[in-house]
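Number of protein chains: 2
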Amino acid sequence: MPVEHAERSPAAVVSSFGSRLAALVAVRESQIVLGLDPDPSRLWPDAYAAADRAADGSPASRAAAAVVAHCRAAIAAAGPACVAIKPQVACFERLGAPGWRALADVAEAGREAGLLVLADAKRGDIDVTATAYGQAFFGGTSTPFGDVGGLGADALTASPFLGLDSLHPLLEAARAAAGGLFVLVRTSNPGAEDFQEPADGGTPTLSERVAVAVNALGQLPPEPREPADVGAVVGSTAPERLARMRELMPRAPFLLPGIGAQGGRVEDVAPAFAPGPAYGLVSASRGIVAAHERSGAPPATAARQEAERLRGIAWELARG
Amino acid sequence: MPVEHAERSPAAVVSSFGSRLAALVAVRESQIVLGLDPDPSRLWPDAYAAADRAADGSPASRAAAAVVAHCRAAIAAAGPACVAIKPQVACFERLGAPGWRALADVAEAGREAGLLVLADAKRGDIDVTATAYGQAFFGGTSTPFGDVGGLGADALTASPFLGLDSLHPLLEAARAAAGGLFVLVRTSNPGAEDFQEPADGGTPTLSERVAVAVNALGQLPPEPREPADVGAVVGSTAPERLARMRELMPRAPFLLPGIGAQGGRVEDVAPAFAPGPAYGLVSASRGIVAAHERSGAPPATAARQEAERLRGIAWELARG
Chain R
6 MPVEHAERSP AAVVSSFGSR LAALVAVRES QIVLGLDPDP SRLWPDAYAA
56 ADRAADGSPA SRAAAAVVAH CRAAIAAAGP ACVAIKPQVA CFERLGAPGW
106 RALADVAEAG REAGLLVLAD AKRGDIDVTA TAYGQAFFGG TSTPFGDVGG
156 LGADALTASP FLGLDSLHPL LEAARAAAGG LFVLVRTSNP GAEDFQEPAD
206 GGTPTLSERV AVAVNALGQL PPEPREPADV GAVVGSTAPE RLARMRELMP
256 RAPFLLPGIG AQGGRVEDVA PAFAPGPAYG LVSASRGIVA AHERSGAPPA
306 TAARQEAERL RGIAWELARG
Chain P
6 MPVEHAERSP AAVVSSFGSR LAALVAVRES QIVLGLDPDP SRLWPDAYAA
56 ADRAADGSPA SRAAAAVVAH CRAAIAAAGP ACVAIKPQVA CFERLGAPGW
106 RALADVAEAG REAGLLVLAD AKRGDIDVTA TAYGQAFFGG TSTPFGDVGG
156 LGADALTASP FLGLDSLHPL LEAARAAAGG LFVLVRTSNP GAEDFQEPAD
206 GGTPTLSERV AVAVNALGQL PPEPREPADV GAVVGSTAPE RLARMRELMP
256 RAPFLLPGIG AQGGRVEDVA PAFAPGPAYG LVSASRGIVA AHERSGAPPA
306 TAARQEAERL RGIAWELARG
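Note that the protein sequences, when read in sequence, are chains R and P. Just so we're aligned: the first sequence equals residues 6 to 325 in our numbering. Just so we're aligned: the second sequence equals residues 6 to 325 in our numbering.
Here it is as structure tokens:
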């Protein structure tokens, strides 16, 4: 065992994020990530009653309590077909302090269900600030009043605009918890072309330059089937680009948003899985949680069926 | 009065962010932004007693109460020489729910002191998520339980990596509150060169492409001395670049971090002020709040003196 691991947490001593991810994907036979983007006006109907159990009667506290009930129900329904949850931090942050508490509750519910917690926050800032975000999302903060726990996430999405020195402190915090990062490389929205592609159609594109950096940043587990601890957010809406990205980042796990509501198809993400089943995580948010709006089935039933449908397709692709 | 303003708040009807900024800079004769990056282990000594007034005895609540007292004291001391505060959201977020409440308290303290509130959060995400961040930092969120207020910021720092469609919802939320955005264009950290400059030294750089987009995005008040409502974060550590950035963004207000602790000198930012006094905001965080560590004076005295010193230099530059 390497000496430099001596003072880390037990989790870090026994594993890395890539090893943990590979083990969990294998056990659950799933690469599906349940995206949780709760909109207080579009929760599952049964969740609204939970507002009466809020700590106080403020709209924020009541909405936050309903959001937690909604997310817990979604995790109970779809979680068995998934390997991780991906709470969208913005949706919690808009509820203020009660929202941040709800985020912690939802992360806890994910852990209880045996799922990894990928905090989708897309943070990126200068070194001292990145250290503070690392404390917020991973291990926590030492204060004169005692230790303040962080969110306890297993991984965080990060924006590379400020450069590598903005990613290093986040990665350090992640590694201390055997966690990882997913760095934005090529996103799934139409505006991705504005800056991620070059103005003149030449190469390398910004996305390609970030990809090269992401590839260099990750620590590699010895087992080839286990991905590195620095992954890439790569939109699933352009399959031909996925192959190029895999070429540039042969050992990075890909987080693939955009399935369903944003127009991506799980059938198209096969290049992500080329190195092994744990190298592609297929994220669906509204595609799973709002499946009942399309099928007419009860929300939990529709979510379970859609998550299981996606799981089956992705698992077959990865085995192929 | 344009019809489309009819349903906006009174503030939005009478003004734009650029007009408000220009008026406040003129009245206060200051372009100094008080950066608030509170570290619970390095607060002003008198702030620690406030922990005993925390809502509960948890480390997070006690640390958050001390952070609020520290920031209030810094605002009371240095605020009279400033035009805005710039709370660093990461430093609050690491204290969890109590931290988010502390952020709201600090924003309120800034407003009470007559200062603009620039939330330094560097958010950037796809459209639906950007809408949620807009709700968090500006006006708020309608829920079935009633309206949940946002932070009430006057402006937000934003990351452009995902493209223009990630900025539009933030800008829409800002404008509805007569607020603005400061988009990352060229940051002050060493790693800025990793992606903001081109790999081959050619042009346009990523920073230049973002600058052109920022320039096109802002709404212009009729008065030339009033800047647009979309500004740029431009590091103050490379004055020759400032002139180029001003050329590309003739009407954008510049938020200039990096004075003091990061090595920037206020004397070097003159190009930012070329169009008028409100076109450059000089941000100093540790440079003001930790001034006592260099001078040996009491914290409030040292902060007041340093803020006033920076104010005097910047104001002279802008008049020159």
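Here a beta-carbon is modelled for each residue, glycine too, at the ideal position from N, C-alpha and C.
Through-space distance from residue j to residue i, alpha-carbon basis
i, j, result
"residue 4/P", "residue 213/R", "The first residue shown for chain P is 6 and the last is 325, placing residue 4/P beyond what the model contains."
"residue 222/P", "residue 79/P", "34 Å"
"residue 167/P", "residue 100/P", "28 Å"
"residue 182/R", "residue 319/P", "45 Å"
"residue 107/R", "residue 69/R", "6 Å"
"residue 16/R", "residue 270/R", "The pLDDT assigned to residue 16/R is 46, lower than 50, so where the model puts this residue is not dependable; a value taken from the coordinates is nonetheless given after this. Each residue's Cα considered, the two are about 35 Å apart."
"residue 323/R", "residue 140/R", "35 Å"
"residue 8/R", "residue 24/R", "Because residue 8/R sits at a pLDDT of 33, beneath the cut-off of 50, its placement in the model cannot be relied upon, and the point is left open."
"residue 110/R", "residue 154/P", "22 Å"
"residue 209/R", "residue 234/P", "33 Å"
"residue 273/R", "residue 112/R", "30 Å"
"residue 246/P", "residue 38/P", "21 Å"
"residue 22/R", "residue 177/R", "12 Å"
"residue 312/P", "residue 134/R", "22 Å"
"residue 264/P", "residue 122/R", "38 Å"
"residue 89/R", "residue 280/P", "51 Å"
"residue 14/P", "residue 118/R", "In this prediction, residue 14/P scores a pLDDT of 45, lower than 50, which makes its location untrustworthy; no coordinate-derived value is stated."
"residue 304/R", "residue 126/R", "26 Å"
"residue 325/P", "residue 75/P", "35 Å"
"residue 309/R", "residue 316/R", "10 Å"
"residue 229/P", "residue 163/P", "25 Å"
"residue 314/R", "residue 52/P", "55 Å"
"residue 248/P", "residue 278/P", "10 Å"
"residue 226/P", "residue 215/R", "38 Å"
"residue 50/R", "residue 301/R", "13 Å"
"residue 201/P", "residue 201/R", "11 Å"
"residue 244/R", "residue 203/R", "19 Å"
"residue 217/R", "residue 224/P", "37 Å"
"residue 98/P", "residue 73/P", "13 Å"
Residue j beta carbon less than 9 Å from that of residue i
i, j, result
"residue 290/R", "residue 261/R", "no"
"residue 143/R", "residue 184/R", "yes"
"residue 137/P", "residue 161/P", "no"
"residue 283/P", "residue 27/P", "yes"
"residue 258/R", "residue 232/R", "yes"
"residue 157/R", "residue 105/P", "no"
"residue 114/P", "residue 77/P", "yes"
"residue 159/P", "residue 165/R", "no"
"residue 81/R", "residue 48/R", "no"
"residue 211/P", "residue 211/R", "yes"
"residue 152/R", "residue 64/P", "yes"
Interface residues of chain P facing residue i [CB-CB closer than 7 Å]
i, result
"residue 105/R", "101, 102 and 105"
"residue 56/R", "150"
"residue 96/R", "137"
Contacts of residue i in chain P (Cβ-Cβ under 9 Å)
i, result
"residue 147/R", "45 and 46"
"residue 198/R", "168"
"residue 249/R", "Going along chain P, no residue has its Cβ under 9 Å from residue 249/R, so there is no contact; the nearest lies around 17 Å."
Chain-ordered neighbours of residue i on chain P, where CB pairs are closer than 8 Å
i, result
"residue 194/R", "131, 132, 167, 168, 170 and 171"
"residue 189/R", "166 and 167"
"residue 2/R", "This structure gives no information on residue 2/R, because the portion of chain R shown stretches from 6 to 325."
Contact set between residue i and chain R, taken where Cβ atoms lie within less than 7 Å
i, result
"residue 65/P", "153"
"residue 127/P", "129 and 130"
"residue 68/P", "148, 150 and 153"
"residue 109/P", "101"
"residue 141/P", "95, 98 and 99"
Contact list for residue i against chain R, beta-carbon separation under 9 Å
i, result
"residue 218/P", "199 and 200"
"residue 211/P", "166, 200 and 211"
Chain A within 9 Å of residue i, Cβ atoms only
i, result
"residue 79/R", "Absent from the structure is chain A; the protein chains it does hold are R and P."
Practice task
Could you say if the stretch 141 to 160 of chain P and the stretch 155 to 175 of chain R meet the contact criterion of at least three C-beta pairs nearer than 8 Å?
Solution key: Contact between the stretch 141 to 160 of chain P and the stretch 155 to 175 of chain R is absent, because fewer than three Cβ pairs lie under 8 Å.
Handout entry: Validate contact between the stretch 80 to 100 of chain P and the stretch 129 to 141 of chain P using beta carbons, cut 8 Å, 3 pairs
Key = The answer is no - the stretch 129 to 141 of chain P does not touch the stretch 80 to 100 of chain P, with fewer than three Cβ pairs under 8 Å.
Exercise for the section: For the stretch 73 to 119 of chain R, list the beta strand (DSSP E) runs that are entirely contained and at least 3 residues long, ordered along the chain. Expected result: List check, beta strand (DSSP E) in window: 89 to 92.
Problem - Stretch-stretch touch, CB-based, cutoff 8 Å, three pairs: the stretch 90 to 99 of chain P with the stretch 175 to 193 of chain R - result: Cβ pair count under 8 Å is below three, so no.
Problem - Any 3 or more C-beta pairs closer than 8 Å across the stretch 286 to 303 of chain P and the stretch 54 to 65 of chain P - result: No: the two stretches stay apart, fewer than three of their Cβ pairs being nearer than 8 Å.
Handout entry: Cβ pair count under 8 Å reaching 3, the stretch 289 to 307 of chain P against the stretch 42 to 53 of chain P
Key = The stretch 289 to 307 of chain P, when compared against the stretch 42 to 53 of chain P, does touch it at the 8 Å Cβ threshold.
Problem - Given 8 Å, three or more beta-carbon pairs between the stretch 238 to 258 of chain P and the stretch 248 to 261 of chain R - result: By the criterion of at least three beta-carbon pairs nearer than 8 Å, the stretch 238 to 258 of chain P is not in contact with the stretch 248 to 261 of chain R.
Problem - Cβ pair count under 8 Å reaching 3, the stretch 24 to 39 of chain R against the stretch 191 to 205 of chain R - result: Contact between the stretch 24 to 39 of chain R and the stretch 191 to 205 of chain R is absent, because fewer than three Cβ pairs lie under 8 Å.
Exercise for the section: Let me know the beta strand (DSSP E) ranges lying completely inside the stretch 220 to 247 of chain R, each 3 residues or longer, listed in chain order. Expected result: Counting whole runs of 3 or more residues, the stretch 220 to 247 of chain R contains the beta strand (DSSP E) stretches 235 to 239.
Practice task
Counting only runs of 4+ residues fully inside the stretch 147 to 196 of chain P, write out the alpha helix (DSSP H) ranges in chain order.
Solution key: Within the stretch 147 to 196 of chain P, complete alpha helix (DSSP H) segments of at least 4 residues are found at 169 to 181, given in chain order.
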